[in-house]
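The structure appears right after this line, and notes come after that.
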Amino acid sequence: MNIKNKEVNVIGAGLAGCEAAWQIAKRGIKVNLYDMKPKKFSPAHTNENLCELVCSNSLKAKRIDSAAGLLKEELRILDSLIINCADKCSVPAGGALAVDREKFSSMVTEKIKSNPLINFISEEIESVPKTGINVIATGPLTSKTLSNDIFKLCYGLLNFFDAAAPIITAESIDMSKCFYASRYNRGDDTDYINCPLNEQEYKDFYQALISAERAPLHDVDTRDMKVYEGCMPVEVMAKRGEDTLRFGPMKPVGLYDPKTNKRPYAVVQLRKENLDATLYNIVGFQTNLKFPEQKRVFGMIPALKNLDIVRYGVMHRNTFIDSPRLLNLDYSTIKNSNLFFAGQITGVEGYMESVSSGLVAGINVANKILNKHPFILPQSTMIGALSAYKSDESVSDFQPMGANFGIIEPLNEVIKDKKMRYNEIAERSINYLKNLEV
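What follows is the structure in structure tokens.
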């Protein structure tokens with residue numbers, strides 16, 4: 360096949376789209392990468408650069424014996440553009456890999472736009488192209504016009520709500536009322552700022568939180584919408600019970616206040632948002648409260664009495680397709696082998712999960728053009744397990760799924776110790792990928 364005459368389009372320049380375009384170009388194939396930015400922005404995007412991280416700046420755990428850590432290591436072995444940039448833009452975050460989101464987005468943008476085989480086009484695509492080979496990676500915030508076309512193609516779309524946490528300035532934090540520490544002493548002691556609350560302070564905060572006024576969600580029917588558990592608004596979570604937050608984002612386990620030498624009743628953690636440590640993210644505090652309510656309620660946390668919010672928490676609709684009925688293992692559609700989907704629109708949940716789908720889709724587009732066999736990883740790898748889950752027809756009530764050891768192929772031997780078992784699973788995957796020719 361003459362690759363010079365083959366039109367390849369990737370629509371959407373987020374994590375999955377940029378990874379897909381990079382993998383295609385890496386194999387000597389020219390690709391058009393479309394994105395409506397900077398001419399037009401989704402309700403959650405504000406940065407003109409590509410790969411803007413909307414929710415958290417954390418890419419989750421680094422440990423190989425964690426699902427998130429294994430996924431990132433697999434991406435490193437497979438030479439992912441996104442994980443390479445993330446590693447170079449990391450900020451201290453204890454046991455997690457977190458990035459300076461501005462530097463990260465800028466680096467990916469520079470890499471993409473300087474690649475001679477990637478033609479970046481700032482244009483909104485309003486319908487699924489009928490010719491060429493196409494990868495739809497427009498994400499959970501796909502524009503209304505394109506969503507309508509995908510709706511017709513995919514016999515409907517599924518939806519859930521997602522939310523982001525506020526970002527505050529470091530100078531507005533009262534350091535006399537908080538302390539530095541990483542949970543269980545994982546990472547540097549300055550990775551997290553911990554804001555303790557005593558029992559009464561917590562109960563007052565809790566009451567204010569569950570009675571605070573939420574922002575309305577416009578232009579969407581909320582009756583059948585679901586809230587994704589991993590990004591549930593803190594005020595929604597709180598309504599499950601008074602102690603829910605103390606076993607969730609405000610859990611004090613693994614932390615001791617040096618002023619009292621005791622574990623706090625509850626604690627709010629702040630994670631560095633940038634390398635200069637001038638901005639912090641309120642960990643686990645995704646919210647849909649009205650902006651004045653965020654200032655009032657979160658200001659009840661003693662260390663945040665004078666908090667200065669530079670980006671308020673917001674909530675938005677996420678859209679995804681019913682992948683088990685629509686996609687093959689290589690992320691191509693069952694009815695059209697020239698049409699691929701990648702990213703959160705496929706129902707993979709999480710930054711690195713989106714990257715993995717873009718990587719697999721991109722390699723498979725290239726392999727298709729180069730007359731090579733499809734690139735399908737076994738379910739003994741985390742990337743392969745995610746691909747298998749989203750194309751498993753037996754999954755009837757399909758919902759977004761992030762990396763976890765429950766979907767990966769079990770070991771042949773029984774290992775009762777969970778840490779040892781996960782280490783063995785990780786080693787199996789890593790050894791397989793290191794011996795793989797891609």
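In my numbering, the protein residues as written are 360 to 797.
Note that the Cβ used here is the ideal one computed from N, Cα and C, for glycine as well.
Find out if the Cβ-Cβ distance for the pair I441, M711 is shorter than 9 Å. Sequence index remark: in the sequence shown, residue 441 carries index 82 (1-based). Sequence index remark: in the sequence shown, residue 711 carries index 352 (1-based). Yes, Cβ-Cβ distance for I441 and M711 is below 9 Å.
Just the C-alpha distance for L688 and L614, rounded to the nearest angstrom, thanks. On the sequence shown, residue 688 is found 329 positions in, with the first residue counted as 1. On the sequence shown, residue 614 is found 255 positions in, with the first residue counted as 1. L688 and L614: Cα-Cα distance of roughly 43 Å.
9 Å Cβ cutoff met for E485 and L505: Translated into positions along the sequence shown, residue 485 becomes position 126. Translated into positions along the sequence shown, residue 505 becomes position 146. Yes, the pair counts as a contact, with Cβ atoms nearer than the cut-off.
Within a Cβ cutoff of 7 Å, which residues of the same chain sit near D563, ignoring the five residues on either side of it in sequence? Within the sequence shown, residue 563 is the residue found at index 204, counting from 1. Counting only Cβ-Cβ distances below 7 Å, and skipping sequence neighbours, we find M659.
Out of I722, V656, V390, which one is the CA nearest neighbour of L434? Numbered from 1 along the sequence shown, position 75 holds the residue referred to as residue 434. Considering only alpha carbons, the answer is I722.
Can you give the beta carbon distance from G454 to A427, rounded, assuming they're within the 8 Å contact cut? On the sequence shown, position 95 is the one that residue 454 refers to. On the sequence shown, position 68 is the one that residue 427 refers to. The pair is not a contact, with the Cβ atoms about 10 Å apart (cut-off 8 Å).
Buried or exposed for T581, please, with buried defined as at least 16 other CB atoms from any protein chain shown within 10 angstroms of its CB. One-based indexing of the sequence shown puts residue 581 at position 222. Confidence at T581 is low in this model, with a pLDDT of 41, below 50, so the placement of that residue is unreliable and no value is reported for it.
If you pair each beta-carbon of the segment 756-768 with each one of the segment 734-748, do three or more pairs fall below 8 Å? Yes: at least three Cβ pairs fall under 8 Å.
Hey, how far is the Cα of K396 from the Cα of C513? What you label residue 396 is simply residue 37 of the sequence shown in a count that begins at 1. What you label residue 513 is simply residue 154 of the sequence shown in a count that begins at 1. A direct Cα-Cα distance of roughly 25 Å separates K396 from C513.
Assigned secondary structure, V705 (DSSP; H/G/I helix, E/B strand, else coil): In the sequence shown, counting from the first residue as 1, residue 705 sits at position 346. The sequence given here has Thr at residue 705, not Val. If DSSP states are grouped into helix, strand and coil, T705 belongs with the helices.
N- and C-terminal bounds of the beta strand (DSSP E) containing I552: Taking the first residue of the sequence shown as 1, we reach residue 552 at position 193. 551-556 is the span of the beta strand (DSSP E), which, as asked, contains I552.
From S439 to G761, what distance separates their C-alpha atoms? For this step, residue 439 is matched to residue 80 along the sequence shown. For this step, residue 761 is matched to residue 402 along the sequence shown. Linking S439 to G761 through their CA atoms gives a straight-line distance of about 18 Å.
According to DSSP, L698 sits in a beta bridge with which residue or residues? Translated into the one-based positions of the sequence shown, residue 698 becomes position 339. For L698, which the question treats as bridged, DSSP gives the partners N493.
In angstroms, rounded to a whole number, what distance separates the CA positions of G491 and P733? Residue 491 sits at position 132 when you count from the first residue of the sequence shown. Residue 733 sits at position 374 when you count from the first residue of the sequence shown. Roughly 18 Å separates the two Cα atoms.
At the level of alpha carbons, what is the spacing between L429 and A785? Taking the sequence shown and counting its residues from 1, one reaches residue 429 at position 70. Taking the sequence shown and counting its residues from 1, one reaches residue 785 at position 426. Note on geometry: alpha-carbon atoms of L429 and A785 lie some 6 Å from one another.
Going by DSSP in three states, S449 sits in which element: helix, strand or coil? Walking along the sequence shown from the start, residue 449 turns up at place 90. Look at S449 here: in three-state DSSP terms it is strand.
Run through DSSP, which three-state label would D508 get? Along the sequence shown, read from residue 1 onward, the residue named residue 508 stands at position 149. Three-state result, D508: helix.
Ignore the nearest five residues each way along the sequence and tell me which others in K536's own chain have a CB closer than 6 Å to its CB. Here residue 536 refers to the residue found at position 177 when the sequence shown is read from its first residue. Taken in chain order, the residues that qualify are P661, A662.
Does the contact criterion of 3 or more C-beta pairs under 8 Å hold for the segment 378-385 versus the segment 464-484? These segments touch.
Rounded to whole angstroms, what's the CA-CA distance from N790 to A496? Just pull it up for me. Locating residue 790 in the sequence shown gives position 431, where the first residue counts as 1. Locating residue 496 in the sequence shown gives position 137, where the first residue counts as 1. Taking the straight line joining both Cα atoms gives about 30 Å.
Could you pull out every unbroken beta strand (DSSP E) segment of at least 3 residues lying fully inside the segment 621-664, listed in chain order? Segments of the beta strand (DSSP E) lying fully in the segment 621-664: 625-631, 638-641.
My understanding is that V669 touches L648, with C-beta atoms under 8 Å, so please give their C-beta distance in whole angstroms. Looking up residue 669 in the sequence shown gives position 310. Looking up residue 648 in the sequence shown gives position 289. The pair is not a contact, with the Cβ atoms about 16 Å apart (cut-off 8 Å).
Does the beta-carbon distance from P592 to M674 come in below 9 Å? As a first step, residue 592 must be located in the sequence shown, where it is residue number 233. As a first step, residue 674 must be located in the sequence shown, where it is residue number 315. Yes; because the gap between Cβ atoms is below 9 Å, this pair is in contact.
Terminal residues of the alpha helix (DSSP H) in which I784 lies: For the purposes of this step, residue 784 is identified with residue 425 of the sequence shown, where counting begins at 1. Residue range 777-793 is occupied by the alpha helix (DSSP H) that includes I784.
Host alpha helix (DSSP H) of R684 (start-end): Within the sequence shown, numbered from 1, the residue matching residue 684 stands at position 325. Here the alpha helix (DSSP H) through R684 covers 682-685.
Please state the DSSP three-state secondary structure of D616. Residue numbering aside, residue 616 sits at position 257 when the sequence shown is read from its first letter. Strand, per DSSP.
Return the CA-CA distance between Y690 and N416, expressed in angstroms with no decimal places. The residue labelled residue 690 in the question sits at position 331 within the sequence shown. The residue labelled residue 416 in the question sits at position 57 within the sequence shown. Roughly 26 Å separates the two Cα atoms.
Output needed for A445: all residues of its chain with C-beta closer than 7 Å, excluding positions within five of it in sequence on either side, in chain order. Position 86 of the sequence shown, counting from 1, holds the residue named residue 445. Hits under 7 Å: L418, L456, V458, F463.
Helix, strand or coil: how does DSSP classify T678 here? On the sequence shown, position 319 is the one that residue 678 refers to. If DSSP states are grouped into helix, strand and coil, T678 belongs with the strands.
Please say whether A524 and G607 have beta carbons closer to each other than 9 Å? Here residue 607 refers to the residue found at position 248 when the sequence shown is read from its first residue. Here residue 524 refers to the residue found at position 165 when the sequence shown is read from its first residue. 9 Å or more divides the Cβ of G607 from the Cβ of A524.
Within a Cβ cutoff of 6 Å, which residues of the same chain sit near N408, ignoring the five residues on either side of it in sequence? Stepping through the sequence shown from its first residue, residue 408 is reached at position 49. Cβ neighbours of N408 within its own chain (closer than 6 Å, five residues either side excluded): S464, S465, T468.
Bridge partner(s) assigned by DSSP for M609: Numbered from 1 along the sequence shown, position 250 holds the residue referred to as residue 609. DSSP lists no partner for M609.
With DSSP as the reference, please indicate the residues paired to V724 in a beta bridge. Against the sequence shown, residue 724 aligns to sequence position 365. In the DSSP output, where bridge partners are listed per residue, V724 has none listed.
Helix, strand or coil: which one does DSSP assign to L736? Taking the first residue of the sequence shown as position 1, residue 736 is located at position 377. Here L736 sits in coil by DSSP.
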